[in-house]
Amino acid sequence: MKLKTIFVVMFFLLGSVAMFAQEGGQGGGQGRGQGRGQGRGEARGEGQERETVVATDKVTPEMPGVVKAGTKIEIVKNGLRGSDGGVGMPDGSLLVTANGGLDKVDVNGNVTAMVDNAEQRAGLALDAKGRVFAAQYSKKVSLIYPKDSAETLTDSFEGKPYIRPNDLVVDKKGGIYFTDCYQIGAKRSPDDLPQAVYYIAPNSKKVIRVADDVNR
Numbered sequence: 006m007k008l009k010t011i012f013v014v015m016f017f018l019l020g021s022v023a024m025f026a027q028e029g030g031q032g033g034g035q036g037r038g039q040g041r042g043q044g045r046g047e048a049r050g051e052g053q054e055r056e057t058v059v060a061t062d063k064v065t066p067e068m069p070g071v072v073k074a075g076t077k078i079e080i081v082k083n084g085l086r087g088s089d090g091g092v093g094m095p096d097g098s099l100l101v102t103a104n105g106g107l108d109k110v111d112v113n114g115n116v117t118a119m120v121d122n123a124e125q126r127a128g129l130a131l132d133a134k135g136r137v138f139a140a141q142y143s144k145k146v147s148l149i150y151p152k153d154s155a156e157t158l159t160d161s162f163e164g165k166p167y168i169r170p171n172d173l174v175v176d177k178k179g180g181i182y183f184t185d186c187y188q189i190g191a192k193r194s195p196d197d198l199p200q201a202v203y204y205i206a207p208n209s210k211k212v213i214r215v216a217d218d219v220n221r
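Going by the working numbering, the residue at position 30 of the sequence shown is 35; the numbering climbs one at a time, nothing skipped.
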């Protein structure tokens, strides 16, 4: 009887020790997990703060006729998907290609969709009439706004499609210069046009290649 009593007592003691060890292990695991999670969260917060400070503390060099040296760069809008090709407007707003189309960001950061589908647009340019032109990765250069005047200006040269029109600018006469080049790391073909700069003559669709020694 005494032996049986000792066995029962030892059984319960061992069970209690095992339960205590398991609870302690879980608690310790939770503590370690929380510590790692909190550490990452704190690191992200600090990292974001540093990124914001760095971004807003940057200043521009002098750009004659555009901006004075030392002008502080400000972030006017976050969260735009695939934003590119920003163009400043006379009223202080900004045209930008984002979210698959053409958006306008006003001075208060409000976004208005102007064109829903800009067909893989990249660079933007504005002419004296307020029309918006885009270089498009869909291998063309187009007038995209006003929407009722939208048209393709060029999608090939000497019978070959462009590589990937990227940036463009409108001159005082209304002509358009645009670049055509490979994306970095893209596969190249000997049948492709050379990387080049082209010019679309004013009020026409005549295209001239003005440089073909562009390397990227």
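Idealized CB from N, CA, C, for every residue including glycine.
Q) Using CA coordinates, which residue listed in Met119, Leu129, Asp218, Ala133 is at the minimum distance from Ala140? A) Leu129
Q) What are the boundary residues of the beta strand (DSSP E) that includes Glu163? A) Counting along the chain, Glu163 falls outside any beta strand (DSSP E), and DSSP gives it neither H nor E.
Q: Can you check the region 142-206 for any beta strand (DSSP E) of at least 3 residues that lies completely inside it and give the ranges in chain order?
A: 145-150, 156-159, 170-175, 181-185, 201-205
(Q) If you reduce the DSSP assignment to three classes, tell me which class Asp89 lands in. (A) strand
(Q) Just verifying my parser: in three-state terms, what is the DSSP assignment at Asp1? (A) Past the edges of the chain, shown from 6 to 221, lies residue 1, and the structure says nothing about it.
(Q) Between Gln188 and Arg169, how many whole angstroms is the CB-CB distance? I'm expecting something under 8 Å. (A) 6 Å
Q) Is Pro195 near Asp217, with beta carbons less than 9 Å apart? A) no
Q. For Asp160 versus Lys178, is the C-beta spacing smaller than 9 Å?
A. no
**Q.** Short Cβ contact (9 Å threshold) for Leu131 with Val110
**A.** no
(Q) Quick check: what's the CA-CA separation for Asp89 versus Lys82? (A) 13 Å
Q.
So the candidates are Ala155, Gly70, Val219; which of them puts its Cα closest to the Cα of Leu107?
A. Ala155
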